[in-house]
Amino acid sequence: MLNLPPLPPQFQCLDRDRPIKVYRRGLPHWRQDGATYFVTFRLVDSLPQERLRYLKRVREEWERKHPPPHTAKDWESLERVSTSHVEAWLDEGLGNCHFRNRQLVDDLVGRLNHFQNDRYFLSCWTIMPNHVHLAMRPFDGHDLEDLIGAIKGVSARHLNLAIKESGDVWQDESYDRLIRDGEHLWRVIQYIGRNPRKAGLAGEESWRRWIHPEWEKAGWGFRNEN
């Protein structure tokens, strides 16, 4: 057990006594009103097609070994299989990596902050060259997929204008996980904070990260900083 400070302001972990909605697209997604999520979304060209085909085969093999009905533990197993591959591949820095451009990073930061404290509480994030990690708690009446979709939609329009291109910018489906408890939250924060170093990025020319000042003040900041 980690010796953790009291939970930070505006954080709400998974409440196992309250209803949880589960739905699936390519990936399973858990939803609970008021909860905090760890979210990853990536640029559409950040994973080559051969990697995506491999991931599809991995999921199909998992489904053959885990016939329905599926339990929550089964879905968590599939999620771990999927995200472990994706997170390692993203750190290779494949694709155009548009967010090596500081102007595009600044614009994305503006999109992340636009509805802060209005539609959601955004507690920390890191912007990598080809993907984004963040922790967010949607406020009542706002669905996580709609909030992330809006951030991706506006930032995509701005990015295409800046580089004078058109077409898809972000992969449609994002990865998200309900944060279960304080220990899970701590691991998420440290993963977000350490991701640039883990990916071998030096300086802040090709990445940026942020954590809410109130969380840092409460003892929930990044550790082992770059």
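Numbering (our numbering), first residue to last: -1 to 224.
Every residue gets a Cβ at the ideal spot worked out from N, C-alpha and C, and that includes glycine.
In this structure the segment 122 to 132 touches the segment 190 to 205; the number of beta carbon pairs closer than 8 Å is three or more.
With contacts defined by Cβ atoms closer than 8 Å, L25 and Y173 form a contacting pair.
In this structure, L92 keeps its C-beta atom at 8 Å or more from the C-beta atom of P17. Straight across, the Cα-Cα distance linking W60 with K215 is about 43 Å. For P7, the number of other beta carbons within 10 angstroms of its own is below 16, and it is reported as exposed. Fewer than three beta-carbon pairs drawn from the segment 105 to 115 and the segment 53 to 69 are found closer than 8 Å, and the two stretches are therefore not classed as touching. In the DSSP assignment, D174 falls within the beta strand (DSSP E) that extends over 173 to 176. Check the Cα spacing between L132 and each of G139, D138, V152, R109: the tightest is with R109. In the assembly as shown, Q169 is a buried residue. Its beta-carbon has 16 or more other beta-carbons within 10 Å. With distances taken between CA atoms, W208 lies nearest to F220 out of A200, G201, F220, L199. Following the DSSP letters along the chain, one finds K19 inside the beta strand (DSSP E) bounded by residues 19 to 22. DSSP, reduced to helix, strand and coil, places V152 within a helical segment of the structure shown. Apart from sequence neighbours up to five positions away, the residues of its chain that approach L145 with a beta-carbon distance below 8 Å are F113, R117, Y118, M134, P136, ordered along the chain. Relative to the Cα of G217, the nearest Cα in the group R178, G198, W184, E202 belongs to W184.
With distances taken between CA atoms, E202 lies nearest to N99 out of N99, T69, A154, L12. Taking a C-beta distance under 8 Å as the contact criterion, L12 and R178 qualify as a contact pair. Rounded to whole angstroms, the gap between the alpha carbons of C95 and N128 is 5 Å.
Short of 8 Å from the beta carbon of K196, and not among the five residues preceding or following it, lie these beta carbons of its own chain, in chain order: D89.
The residues D31, G32, in chain order, have a CB closer than 8 Å to that of D138 in the same chain once the five nearest residues on each side in sequence are set aside.
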